[in-house]
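Presented below is the structure to which this report refers.
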Amino acid sequence: MGKTLIFPCGVPAARTYAEAARQRGEATIAASSLAYDESAARFDSWIFLPSVYDKDFPGRLNAVIAEHGIDRIFAPVSAAHWGISKLIADGVVAVPLIGEMPLRQHAREHAELIEQAEERLASIRTISEGRSGLGVIEVAAVLRKAMGFFGESDEAKIAAMLAIFADAPRGDIVEIGVLTGRSTCVLEMMAHRYRIGPVLAIDPWAYAESVQQESPSELQAMVDVWEARVPFETFLVELLPIAREGAFNYLPMTSRAGHGIWSAKGEVSSPEFGTTRYGRDIAILHIDGNHDHAAVKDDVDLWLPHMGSGGWLILDDYFWLHGTGPRRVGDAILETRAADISRAFVCGRALFVQFGPKHVP
Ligand SMILES: C[S@@+](CC[C@H](N)C(=O)[O-])C[C@H]1O[C@@H](n2cnc3c(N)ncnc32)[C@H](O)[C@@H]1O
700 MGKTLIFPCG
710 VPAARTYAEA
720 ARQRGEATIA
730 ASSLAYDESA
740 ARFDSWIFLP
750 SVYDKDFPGR
760 LNAVIAEHGI
770 DRIFAPVSAA
780 HWGISKLIAD
790 GVVAVPLIGE
800 MPLRQHAREH
810 AELIEQAEER
820 LASIRTISEG
830 RSGLGVIEVA
840 AVLRKAMGFF
850 GESDEAKIAA
860 MLAIFADAPR
870 GDIVEIGVLT
880 GRSTCVLEMM
890 AHRYRIGPVL
900 AIDPWAYAES
910 VQQESPSELQ
920 AMVDVWEARV
930 PFETFLVELL
940 PIAREGAFNY
950 LPMTSRAGHG
960 IWSAKGEVSS
970 PEFGTTRYGR
980 DIAILHIDGN
990 HDHAAVKDDV
1000 DLWLPHMGSG
1010 GWLILDDYFW
1020 LHGTGPRRVG
1030 DAILETRAAD
1040 ISRAFVCGRA
1050 LFVQFGPKHV
1060 P
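In my numbering, the protein residues as written are 700 to 1060.
Laid out in structure tokens, this is it:
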């Protein structure tokens, strides 16, 4: 595989490259233009190279290439990438430069994000029957935020979530099953955008209270790879910068226990988000907790009676590879509540149901 020179090595992309190279058995040598570089210890070996602006740089670079048998250069800083690519173009340096110049990489990723946001906006307009006033930059902002960290809801479901806000009444937004907060971020950003009402996120963030008996045992065992505090802390990290003061909160408990507090007091406090008052009429209910049939049914039986006129239910994993709990509960709602349902569709594997009178344009 030969050897790769990583220069300069003080940025996160250098460490990511070195780690991936280590895993595939590719030798690397890191370099930077600092007399003392605190990032040096993170690499297998490190050497000093002058700055690309230094007149000695081409000579020193070629000496390093010869001495260490370098086959390619990875330059994760734009100025270094630019300088070395010119030396290669001028025939001064003979080994290839790999990877994209960071400025170009950012421009490409931005173009991809906007293209994806435009595609999603088209489906948002279709689902909302033209009523969504969101623009492409707003959709891009939500996608970038929500898809930028670990989570489970996909872009198709997020787009449908964005669409239904165009039609949602005022009221509480309740989410059962938060994990790291990907869908919670979307609900909070849209609640703010459309001034719908306060958001309440409920999750026990504890394995003992959330075992899915009906899922394959492999799926149950998989969660053990991380400690339960990891998704909870990720949720705080992601929501703290965007949560509205006094209009966002969470309950670290099961849906049933959370329902007891919300319905009795209508007030929730936490050290991170302070105190939030809830009106106890639900505008949007996202059920994405324990997917066992009995648990989904319990969530629906507890929370759906609080749904306000025109409110939306999002029942996640209506189409699900690992079990039929959400599907059976969803089908029962579609059948028994048919007379109260104004719209229903499936998107991104989730069932979206609006209760109450049909929208009259
Ligand atoms: C599929 S994940 C949620 C994914 C999240 N909504 C997203 O979009 O990324 C399911 C979550 O439900 C939680 N959960 C399990 N049982 C629950 C219960 N009884 N009440 C509330 N949440 C529960 C689990 O702790 C887990 O974090």
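Ideal placement from N, C-alpha and C gives every residue a C-beta, glycine not left out.
- Runs of the beta strand (DSSP E) spanning 3 or more residues and lying entirely within the region 762-800 occur at 769-773, in chain order.
- For Asp1039, the three-state secondary structure derived from DSSP is helix.
- Take the alpha-carbon of Glu837 and the one of Ala858: they are about 11 Å apart.
- Across the structure, Ala821 and Ser777 are spaced so that their CA atoms are roughly 35 Å apart.
- Rounded to the nearest whole angstrom, the C-alpha separation of Glu944 and Arg759 is 56 Å.
- Distances between the C-beta of Glu851 and the heavy atoms of ligand 1 include at least one below 6 Å.
- Note on geometry: alpha-carbon atoms of Glu725 and Ser914 lie some 40 Å from one another.
- The closest heavy atom of ligand 1 lies 6 Å or more from the beta carbon of Gly1024.
- Non-local C-beta neighbours of Asp853 in its own chain, meaning closer than 6 Å and more than five positions away in sequence, comprise Gly1047, ordered along the chain.
- Not one heavy atom of ligand 1 falls within 6 Å of the beta-carbon of Gly870.
- Residue environment: Ser744 is assigned as exposed (fewer than 16 neighbouring CB atoms within 10 Å of its CB, all protein chains considered).
- In summary, Thr715 is exposed, with fewer than 16 beta-carbon neighbours lying within 10 Å of its beta-carbon over all protein chains present.
- Checking the DSSP bridge columns, you'll see Val873 partnered with Leu899, Leu984.
- Under the criterion of beta carbons closer than 8 Å, Ala855 and Ser827 do not qualify as touching, at roughly 15 Å.
- Judged by DSSP in its simplified three-state form, Tyr716 adopts helix.
- DSSP places Ser969 inside the beta strand (DSSP E), whose first and last residues are 966-969.
- For Thr703, no alpha helix (DSSP H) segment is defined; the enclosing uninterrupted segment is the beta strand (DSSP E) at 702-705.
- Taking a 10 Å sphere around the C-beta of Phe1044, we find fewer than 16 other C-beta atoms and assign the residue as exposed.
- With contacts defined as CB atoms closer than 7 Å, Val791 and Ile764 fail to qualify as a contacting pair.
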